[in-house]
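If you're matching positions, the sequence shown starts at 105 in my numbering and goes up one per residue. First up is the structure itself, then whatever we jot down about it.
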Amino acid sequence: MSSMNLLSHIKKIKDQAAKNASNRDFSKNRQNIWYDWKDGDQVIRFVGDFIITKSHWMTPSPYNPLKLFDEKSFEGNNPLSKLTNCANWDIVNETERDGGCIVCLLNKISRDILRSSAGIDEETRKEFDSLKARTDFRVNYRWNVLLRDKPVDQDGKLVGYNIVQLGYELFEEIAAIHEEYSPAEFTSVEEGLDIKINKSGGGDRGGRTKYRAQAVFQGAHLKVSPLTQEERALDLFNLAEICGRQSDQDLVRSKLLQKWQELITEYEKGDESAEQAAPAPAPAPAPAPVVQKQSPVSAMKNAKSGKPF
């Protein structure tokens, strides 16, 4: 990929992020492919182009304990992945698609209910606020890298490529280095640079984890870091194939807690009814309705239709 093409790719992502500003759980099958950022400094060499992933956390977090699934859903036969790729994201073409993502459907339902929130009590509103947050997707960037701090294993064998995951904050810092270095390409086999990444905060220290990136210098000049012949002979990982694996959405739906399955079913029935409904004649005057407890989906639909609730 030429320098300008990579620069255009980076610019495209930054433009999309600015516009929007207003996979599976791989932990059980790592095989030393994935690199976890260490505290402090580490020096790595980015090679090739990156891919964008969109994914959903399927388990509760300390920040949002709302449960979508029972713990047993991640064990036994046909277990769910704790981190799953969004089925509505085309990782190859970097576009949205209708892939039938069940988690995204829950997100849409929660947004619709909160948008038409008449008749919903405060406790229910808080639950759907939590559901909206829990079912949102997270965007990350995956890249092939060589580890400059530990290029060989204990037997002296070249470690080869690892895959790193970058959030947008770190991606921006990497992009700034590339833009500064242009028209040369910082991932180039011949003219590429080593990048020092610093990780701080988070974990037991509390607070937000922060990442900083800077090109490695040799004296007053950038240190150009061409790949060795042995490194050039290594095969890059197919990022789209490895990081783009999809979960069976029927399986995901079947393992949802019963309350969320029922919510989806009620929502889908309402959509079908709305499509088939014909305009009704104006109703005759009726006595004031008795306020009754109803489901959030019903409250949403009644609010849209103007029906009493």
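Glycine residues also receive a C-beta, built at the ideal position from the N, C-alpha and C atoms.
Residue range 187 to 189 is occupied by the beta strand (DSSP E) that includes Thr-188, with no alpha helix (DSSP H) assigned at that position. If one requires a minimum length of 3 residues, the beta strand (DSSP E) runs lying completely within the segment 208 to 281 are 242 to 251, 266 to 270, in chain order. The C-beta separation of Ala-344 from Val-196 comes to about 5 Å, placing the pair in contact by the 8 Å criterion.
Shortest Cα-Cα distance from Thr-228 to any of Arg-238, Phe-241, Thr-239, Ser-214 involves Ser-214.
Less than 9 Å separates the beta-carbon of Val-147 from that of Arg-252. For a cut-off of 8 Å, the C-beta gap from Trp-364 to Leu-172 is around 6 Å, short enough to register as a contact. When the five nearest sequence neighbours on each side are left out, the beta carbons in the same chain lying within less than 8 Å of the beta carbon of Phe-341 are those of Ile-137, Asn-248, Tyr-265, Ile-267, in order along the chain. Where Ser-358 is concerned, the enclosing alpha helix (DSSP H) starts and stops at 353 to 358. In this structure, the alpha-carbon of Ala-191 lies about 9 Å from that of Glu-200.
Inclusion of Thr-157 and Asn-244 in the CB contact set at 9 Å is warranted, their separation being smaller than that value.
In the three-state scheme derived from DSSP, where H, G and I count as helix and E and B as strand, Phe-321 is classed as strand. In the three-state scheme derived from DSSP, where H, G and I count as helix and E and B as strand, Thr-199 is classed as strand. Taking the CA atoms as reference points, Tyr-139 sits about 45 Å from Asp-225. Contact fails between the segment 313 to 325 and the segment 352 to 370, because fewer than three Cβ pairs, one in each stretch, are under 8 Å apart.
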